[in-house]
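Engineer: Chains G and S supply the protein sequences, listed in that same order. So the first sequence is numbered by the numbering used here: it starts at 1074 and just counts up by one. So the second sequence is numbered by the numbering used here: it starts at 1074 and just counts up by one.
2 protein chains.
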Amino acid sequence: MGGEGHHDCRLDHCHGGGLGEHPATPELTNRLRRKSRRVTGARQAILNLLRTQSHPISIRGIFERLPQGDCDLATVYRSMHLLEGMEMVKRYEFGDGVARFELLRDGDDGHHHHLVCTRCASVVEIEECGMGQLEERMAAAYGFAAVTHKLEFFGICPRCQGV
Amino acid sequence: MGGEGHHDCRLDHCHGGGLGEHPATPELTNRLRRKSRRVTGARQAILNLLRTQSHPISIRGIFERLPQGDCDLATVYRSMHLLEGMEMVKRYEFGDGVARFELLRDGDDGHHHHLVCTRCASVVEIEECGMGQLEERMAAAYGFAAVTHKLEFFGICPRCQGV
DNA sequence: ATTCAGATGCAAATCATTTGCAATTAGTAT
DNA sequence: ATACTAATTGCAAATGATTTGCATCTGAAT
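1. At 3 residues or longer, and completely inside the segment 1131 to 1193 of chain G: list those beta strand (DSSP E) runs for me, N to C.
2. Give the interface partners of Ile1199 of chain S over in chain G, defined as CB-CB distance under 8 Å, in chain order.
3. Report the three-state DSSP secondary structure of Leu1092 of chain S (helix, strand or coil).
4. Is the separation between the beta-carbon of Leu1146 of chain S and that of Phe1136 of chain S shorter than 7 Å?
5. Terminal residues of the continuous beta strand (DSSP E) containing Gly1216 of chain S?
6. Return the first residue and the last residue of the alpha helix (DSSP H) that Glu1100 of chain S is part of.
7. Have a look at Phe1217 of chain S and Pro1231 of chain G and give me their C-alpha separation to the nearest angstrom.
8. For a contact meaning CB atoms closer than 7 Å, what does Ala1219 of chain S contact in chain G?
9. Counting only Cβ pairs nearer than 8 Å, list the residues of chain S close to Gly1205 of chain G.
10. Can you have a look at Leu1084 of chain G and say buried or exposed, based on whether 16 or more other CB atoms are within 10 angstroms of its CB?
11. Assuming contact is defined by CB atoms lying nearer than 7 Å, are Arg1173 of chain S and Cys1233 of chain S in contact in what I supplied?
12. Pick from G:Ile1199, G:Val1189 and G:His1185: whose alpha carbon is nearest that of Ile1229 of chain G?
13. According to DSSP, which residues form a beta bridge with Leu1120 of chain G?
14. Which value, in whole angstroms, describes the spacing of the CA atoms of Ala1115 of chain S and Leu1155 of chain G?
15. Determine, for Ile1165 of chain S, whether the minimum Cβ-Cβ distance to residues of chain G falls below 7 Å.
16. Whose C-beta lies closer than 6 Å to the C-beta of Glu1157 of chain G among residues of the same chain, with five residues either side of it excluded?
17. Looking at C-alpha atoms only, which residue of S:Glu1198, S:Val1149 and S:Gln1141 is the closest neighbour of Ser1131 of chain S?
18. With DSSP run on the structure shown, which of helix, strand or coil describes Glu1225 of chain S?
19. Rounded to whole angstroms, what's the CA-CA distance from Glu1175 of chain S to Glu1200 of chain G? Just pull it up for me.
20. Rounded to the nearest angstrom, how far is the Cβ of Glu1208 of chain G from that of Val1197 of chain G, given a contact under 8 Å?
21. Output the distance between the C-alpha atoms of Glu1100 of chain S and Val1162 of chain S, rounded to the nearest integer angstrom.
22. What are the start and end residues of the alpha helix (DSSP H) that includes Pro1231 of chain G?
23. When burial is assigned at 16 or more other CB atoms within 10 Å of the CB, is Asp1179 of chain S buried or exposed?
24. Which term fits Thr1125 of chain S, buried or exposed, when burial requires 16 or more other beta carbons within 10 angstroms of its beta carbon?
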């Protein structure tokens, strides 16, 4: 397989259109190839955008931040499904009926939570979570398998308290 | 699925006649009056139906279980908003894009969680939750106020594992 | 019975998300 | 490069959950 050779990223493979400046990461390329999926400009653009975000972002948010005309809204939806299936992004739901996504970085299983301000929607990333034990206890007590959880915190951020 | 019913014997307060076949609880009446809202047949019917459910139920689910013609789907939506605002029901989101509601019984602050089967959607009610401390720590660490949380567990129930 | 703000039914409108389909393109073989 | 084929995309229309405008109706106070 791959080996330690120099990996070429075929950046020079752009045909006109508006998608010129989206370098593909070998990460993306590898994962896509593994499923005989294609490295398209839209996917690269989306992934590059996600790389600049430090908090979950909605699909509409992604679409609006993409250089206009870069790709269709439906394509963003389809891409996010694909990326989610490939475990390159993680989906969050904060209860407002809009899904938000975060890039899963190398070696990150994406297990963390959020503290969301119910007034201004600002977000703090929370690392700690003592749920592992509870999950196990739950599995034992009710016979469930593959127990996971979703945990999000809500409150009023310092700035909003002042208002 | 759970056969664990819940007895709530307040049905004896039927001021029969006049208002149709949906006895109002003094609880409902009081809370509504306090906000100059009206005790209508639809609201009574919905609340009575919720009283028979032991797990969160969707608005469509409520609508379909209501005697045909009892009320409009839009009315169920409106009623649930009202009841939620009056803290008589609690809203849950399990991530499938459909809100579900549970009746908040007397003296119940509704603080509990669920273990949801990702295959058959059966639900187990979970009482324990060691989040109180975490909430406090979170408030202290990030300066947030009124910190609450949403926590739900997902897994594969015993029956589905056998398949 | 009268009155009127709050409720409801019904249909149309929103919003997020999905999907059908014809046109386009990435990756690969020629 | 050229050709070829399946994966992708754009666009529009379809879904599905939830909301809303509006004319009509009703609860409850007088």
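All residues carry an ideal CB built from backbone N, CA and C; glycine is no exception.
Structural biologist: In short:
1. Those beta strand (DSSP E) runs which fall completely within the segment 1131 to 1193 of chain G and span 3+ residues are 1162 to 1166, 1172 to 1176 and 1186 to 1190.
2. By Cβ distance, chain G contributes Met1211.
3. Bear in mind that the predicted position of Leu1092 of chain S carries a pLDDT of just 38, short of 50, making it unreliable; the figure below should be weighed with that in mind. Coil at Leu1092 of chain S, not helix or strand.
4. The answer is yes: Cβ separation under 7 Å.
5. For Gly1216 of chain S, no beta strand (DSSP E) segment is defined, and its DSSP state is neither H nor E.
6. Counting along the chain, the alpha helix (DSSP H) containing Glu1100 of chain S begins and ends at Pro1099 to Arg1107.
7. A direct Cα-Cα distance of roughly 6 Å separates Phe1217 of chain S from Pro1231 of chain G.
8. Correct list: Gly1228 and Ile1229.
9. Those do not exist, as Gly1205 of chain G stays about 12 Å from chain S at its closest Cβ, beyond 8 Å.
10. With a pLDDT of 30 at Leu1084 of chain G, under the threshold of 50, the modelled position of that residue is not reliable, and no figure is offered here.
11. The criterion of a C-beta distance shorter than 7 Å is not satisfied by Arg1173 of chain S and Cys1233 of chain S.
12. Between Ile1229 of chain G and the set G:Ile1199, G:Val1189 and G:His1185, the nearest pair of CA atoms involves G:Val1189.
13. Looking at the DSSP assignment, Leu1120 of chain G forms no beta bridge with any residue, so it has no partner.
14. The C-alpha of Leu1155 of chain G is placed about 44 Å away from the C-alpha of Ala1115 of chain S.
15. The amino acid at residue 1165 of chain S is misidentified as Ile; the sequence shows Tyr. Tyr1165 of chain S does not count as touching chain G.
16. Arg1164.
17. Here the closest residue by C-alpha is S:Val1149.
18. DSSP places Glu1225 of chain S within a strand segment (E or B) once states are collapsed to three.
19. Distance between Glu1175 of chain S and Glu1200 of chain G, taken at the CA atoms: about 30 Å.
20. At roughly 23 Å, the Cβ-Cβ gap does not stay under 8 Å, so Glu1208 of chain G and Val1197 of chain G are not in contact.
21. C-alpha separation (whole angstroms): 13 Å.
22. If you look at Pro1231 of chain G, you'll find it in the alpha helix (DSSP H) that goes Pro1231 to Gly1235.
23. It is exposed - the Cβ of Asp1179 of chain S has fewer than 16 other Cβ atoms within 10 Å.
24. That one is exposed.
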